[in-house]
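If you read the sequences in order, they're chains Z and P. So the first sequence is numbered by our numbering: it starts at 1 and just counts up by one. So the second sequence is numbered by our numbering: it starts at 480 and just counts up by one. We treat Cβ as the ideally placed atom computed from N, Cα and C, and that holds for glycine. Report on one structure; see the data block that follows.
Number of protein chains: 2
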Amino acid sequence: MMPADIVQQLDPIFKAKSVAFIGASKTPGKWGYRAIERAINSGYRGRMYPVNPGGGEILGLKAYPDVLDIPRDVDLAVFTLPAEHMPAVMRSCVQKGIKGGVVITADFAETGDHGRQIQDEIVRIARKGGMRFIGPNGMGIWTSAVWLNFALEPAPKPGPLAFVSQSGTFGGSLAHIANIKGYGLSKFVSIGNQADLKIPDLLEYLAEDPDTKVIVLYVEGVMEGRRFLEVARRVVQRKPILVYKGGASPEGARATLSHTASIAGSNAVFDAMCRQAGILKAREVEHLFVMAEALISQPLPRSNRIAVIGSGGQGVVTVDALSNLGMRVPALDDDARRRIKEVLPPHAPVPGNPVDFAGGARTALQEARVAEQLAQLDYIDGIITNVPTTFSLARTVGAAARVGIEGAELLASIPEKYGKPILTQRFRAHGEDLIINILQGAGIPYYTTPEESALAMFALVRYGQIRSALEDTVGVLDD
Amino acid sequence: MMPADIVQQLDPIFKAKSVAFIGASKTPGKWGYRAIERAINSGYRGRMYPVNPGGGEILGLKAYPDVLDIPRDVDLAVFTLPAEHMPAVMRSCVQKGIKGGVVITADFAETGDHGRQIQDEIVRIARKGGMRFIGPNGMGIWTSAVWLNFALEPAPKPGPLAFVSQSGTFGGSLAHIANIKGYGLSKFVSIGNQADLKIPDLLEYLAEDPDTKVIVLYVEGVMEGRRFLEVARRVVQRKPILVYKGGASPEGARATLSHTASIAGSNAVFDAMCRQAGILKAREVEHLFVMAEALISQPLPRSNRIAVIGSGGQGVVTVDALSNLGMRVPALDDDARRRIKEVLPPHAPVPGNPVDFAGGARTALQEARVAEQLAQLDYIDGIITNVPTTFSLARTVGAAARVGIEGAELLASIPEKYGKPILTQRFRAHGEDLIINILQGAGIPYYTTPEESALAMFALVRYGQIRSALEDTVGVLDD
């Protein structure tokens with residue numbers, strides 16, 4: 001499919017100027033009520049048309065007995081009514097000229113043959129009528145393009161991360177956690193049974209989406225494997241794709257069967273597919289967001305040679321974690337050691353890699369200056385540093401806080417200036433909000449454990465490798 | 480050494496009725512001030528004697544020019560004065576009859592030959608005078624036995640976890656994070672250079688300590704490897720030992736050299752040592768606390784057959800994580816499925832393992848009843864369940880909240896009643912505080928990711944295996 005086609009086909013869903021709620025309900029707590037409530041709460045400014053045989057008013061909006069009664073054009077229909085009624089209303093929607101659908105209703109293919117028949121029928125109706133739809137058996141979507149949300153509670157913050165999930169409730173939980181941690185979402189899509197639109201369609205659309213920088217997937221089984229591979233290969237040339245696969249173990253695979261009517265398939269095949277496509281796989285589900293945060297904001301390193309700034313055990317553990325992921329932590333040359341020593345307090349030990357400040361005697365500004373020295377070394381490709389956490393900063397405003405701000409600003413300037421990523425790590429949880437706000441505002445990721453920052457650096461290095469390999473060749477990549 | 484000896488020797492440190500602060504300072508921020516400030520803030524009720532040549536008053540306490548001027552007995556001396564002065568004051572302390580020491584001062588063996596000579600000298604003085612000490616080059620200790628803290632800011636909550644760290648600052652950060660997450664500490668010991676007291680001594684003491692249920696170690700290199708192995712083998716028969724080893728990678732090992740003057744040693748040797756001793760190794764540093772929380776409160780499972788309660792993706796990912804750790808997730812027999820089905824709402828799917836509630840239609844009480852059914856099965860050894868998070872609970876008090884409380888209470892009664900561990904997992908972060916408080920009060924651990932709860936269950940299973948193996952034999956255990 002040409003990119004222009006998919007954009008044209010999916011824009012009625014993700015940039016809907018008007019929405020009909022098919023199966024709207026006056027009963028709080030019901031899906032037919034909740035979908036409208038969430039759309040209002042997310043700040044959607046388009047036109048909203050509840051459709052309910054009883055008419056009247058729902059959440060202050062005029063309700064129409066039939067979708068054909070709606071006086072103006074409708075881009076998107078959201079379906080929350082029982083499966084048996086779906087074919088008839090889908091026909092009306094097509095007749096009305098609606099081009100986008102989100103089917104939240106369950107009891108389709110995931111429940112057996114009867115459900116599958118209804119599902120096949122609504123696909124035929126939509127295909128014939130030129131409608132594309134997401135679902136059924138999903139939790140809906142969020143799209144920051146028009147601030148429209150049916151899926152998440154509370155509504156997420158907008159941001160550059162698109163999250164497509166094959167599990168609705170779990171995907172919603174992940175999206176919620178992501179939001180608490182400060183990751184904004186451009187899209188959330190609970191894809192459900194993928195009766196019509198499938199993951200490859202969404203990948204094609206998200207590749208073109210200017211609001212999306214990184215694509216995150218939770219999948220349990222892949223439909224149209226060959227197309228998934230082909231599309232993903234194209235997309236990762238422009239944006240990273242991160243995936244977590246549920247049901248990777250035999251016992252987990254058994255559990256997915258009853259869940260999304262998808263066969264998990266061989267994990268080895270899926271792994272090979274990801275390698276060939278240049279998709280980054282997450283070993284734990286939260287790692288998706290750890291890796292995404294770095295990929296959103298940081299330049300890609302040329303290679304895997306990392307410098308670490310961190311005292312004592314924190315430096316040691318960061319180096320261990322990097323090393324476990326195949327990163328290198330080169331020793332510094334004498335000239336570099338001398339220049340870094342000049343920045344440090346007199347009693348600091350001779351700097352190595354990690355650069356050890358020897359306990360608390362450091363300031364944010366010294367730390368940032370050390371980072372800048374490291375960024376200038378041609379054998380260092382990226383830097384991990386502790387967010388400076390001097391006690392003085394935690395306790396005072398004034399001079400110490402100013403040094404902290406200056407340090408954070410200097411640190412935040414380095415990635416662009418030297419084309420090398422900087423990741424920070426805040427281990428203590430008090431007294432750093434000021435600096436973290438500055439870092440976050442400047443797009444410098446911060447993490448709470450050495451393992452997380454090492455993993456994020458690994459993702460940058462790996463995606464850098466994937467990008468250069470894809471530029472050079474179409475060969476299979478090694479892990 | 481006989482247990483009685485080590486208790487007698489270390490009680491002056493960990494149950495000190497009086498403390499002399501050698502090198503006390505009137506300058507806020509200095510170690511000689513901070514140690515006293517922290518002791519006061521932690522609620523220490525023993526006698527405190529600042530020692531400073533200038534005399535006068537420090538933080539409202541009368542300061543003595545010399546330790547020999549203190550009119551009453553002193554159990555513990557805390558040293559914060561420069562290394563060169565240490566031998567002389569150590570002699571005075573021994574003369575005073577002080578039996579315990581904590582040397583926070585740095586610039587000993589970790590800085591080279593001169594420092595090592597001073598370190599050796601103070602060890603000789605202490606040995607001769609019958610004093611045992613922790614350090615030098617450490618951050619001090621916390622002991623809940625007498626609410627005495629020099630090391631941590633803020634002071635930790637008391638609890639059953641003893642944490643011994645070879646890295647001071649990092650150990651302090653870990654202890655702080657542990658506290659934020661609600662893990663209380665019986666002891667925190669920053670062991671520094673281990674000039675006199677070494678990890679095996681502390682293990683022997685902690686084995687006897689009634690306040691300690693689980694022992695957590697951050698080590699970079701092990702001194703007295705053979706004794707460590709022998710002591711650890713004895714201790715794990717009574718209490719679990721969890722360890723994270725910094726410097727496991729070659730580059731990390733290089734970093735430890737300048738840090739704690741310890742040679743990291745071969746990781747393979749250390750691994751073998753842990754296996755032989757029955758010590759649980761953590762792959763990531765925060766996993767120490769994840770595993771400890773379960774070991775503190777839960778009965779040990781007889782084997783590795785786990786049941787999971789969790790909808791959709793959350794159940795799937797939990798099963799994957801368990802499977803990756805070698806746990807089994809047995810299918811349920813027909814009779815069990817029927818009995819569980821009776822507890823569930825009518826439209827719930829036929830229960831498998833994981834037991835899937837199909838979306839939001841569940842209550843805390845239903846979940847707890849399912850857990851109890853599972854606990855009665857002779858082929859299930861432990862249970863992981865989601866903390867119930869119905870929206871109704873988040874939004875209302877009254878009936879729904881009552882059902883939640885009943886459910887939590889029932890859940891919390893299961894481990895003791897059936898001798899099987901229950902771990903919970905709370906993925907959403909709102910609306911569950913009430914139930915979580917009840918669970919926590921009843922000693923039911925909760926985790927924030929499926930991977931964490933699976934790892935905690937693994938730790939219980941593994942420690943159960945270690946305990947039974949140690950009861951049977953002294954042979955080497957397999958991983």
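Check: residue i C-beta below 7 angstroms from any heavy atom of the ligand SAM
i	result
glutamine 465 of chain Z	The ligand SAM is absent from the structure shown, which contains no ligand whatsoever.
Residue i burial status per 10 Å Cβ neighbour count (16 or more: buried)
i	result
alanine 4 of chain Z	exposed
leucine 10 of chain Z	buried
alanine 253 of chain Z	buried
proline 532 of chain P	exposed
serine 167 of chain Z	buried
glutamate 451 of chain Z	buried
alanine 854 of chain P	buried
arginine 717 of chain P	exposed
glutamate 230 of chain Z	exposed
lysine 724 of chain P	buried
proline 345 of chain Z	exposed
glutamate 895 of chain P	exposed
lysine 281 of chain Z	buried
lysine 62 of chain Z	exposed
Sequence-distant residues of the same chain with beta carbon closer than 6 angstroms to residue i, five excluded per side
i	result
lysine 15 of chain Z	Ala145 and Val146
alanine 921 of chain P	Ala891
arginine 369 of chain Z	Val343
asparagine 783 of chain P	Met806, Arg807 and Val940
tyrosine 205 of chain Z	Ile6 and Leu10
leucine 889 of chain P	Ala847
Simplified DSSP state of residue i, which is helix, strand or coil
i	result
phenylalanine 612 of chain P	strand
isoleucine 758 of chain P	coil
isoleucine 70 of chain Z	coil
alanine 88 of chain Z	helix
glycine 115 of chain Z	helix
tyrosine 463 of chain Z	helix
lysine 666 of chain P	strand
alanine 556 of chain P	strand
glutamine 298 of chain Z	coil
tryptophan 147 of chain Z	coil
valine 243 of chain Z	strand
valine 123 of chain Z	helix
valine 795 of chain P	helix
glycine 32 of chain Z	helix
glycine 192 of chain Z	coil
CB-CB length for residue i against residue j, believed under 8 angstroms
i	j	result
glutamine 119 of chain Z	asparagine 193 of chain Z	7 angstroms
glycine 883 of chain P	alanine 850 of chain P	Actually they are not in contact, since the Cβ atoms of glycine 883 of chain P and alanine 850 of chain P sit about 14 angstroms apart, beyond 8 angstroms.
methionine 618 of chain P	alanine 630 of chain P	5 angstroms
asparagine 353 of chain Z	valine 317 of chain Z	Their Cβ separation, rounded to whole angstroms, is 14 angstroms, which puts asparagine 353 of chain Z and valine 317 of chain Z out of contact at 8 angstroms.
proline 561 of chain P	threonine 590 of chain P	Not quite, the Cβ-Cβ distance comes to about 12 angstroms (not below 8 angstroms), so this is no contact.
isoleucine 384 of chain Z	serine 453 of chain Z	5 angstroms
proline 639 of chain P	valine 715 of chain P	Not quite, the Cβ-Cβ distance comes to about 16 angstroms (not below 8 angstroms), so this is no contact.
Contact set for residue i: own chain, Cβ-Cβ below 8 angstroms, skip 5 residues either direction
i	result
isoleucine 70 of chain Z	Ala20, Tyr49, Val51, Tyr64 and Lys96
valine 829 of chain P	Arg816 and Lys820
isoleucine 22 of chain Z	Val51, Val67, Ala77, Val78, Phe79, Thr80, Leu81, Val89 and Cys93
Cross-strand partners of residue i (DSSP beta bridge)
i	result
glutamate 57 of chain Z	Z:Lys62
methionine 48 of chain Z	Z:Val19
alanine 307 of chain Z	Z:Ile383
arginine 328 of chain Z	Z:Arg305
valine 693 of chain P	P:Leu640
glycine 101 of chain Z	Z:Ala77 and Z:Phe133
glycine 252 of chain Z	Answer is none; glycine 252 of chain Z lacks a bridge partner.
threonine 424 of chain Z	Z:Thr385 and Z:Tyr446
valine 7 of chain Z	Note: valine 7 of chain Z sits in no beta bridge, so no partner.
Other residues of its chain near residue i: CB distance less than 7 angstroms, five sequence neighbours each side excluded
i	result
leucine 460 of chain Z	Ala294, Leu295, Gln298, Leu300, Pro301, Gly382 and Pro421
glutamate 37 of chain Z	Leu59
Output needed in chain order: residues of the segment 632-659 of chain P with a Cβ under 9 angstroms from some Cβ in chain B. The structure shown contains no chain B; its protein chains are Z and P.
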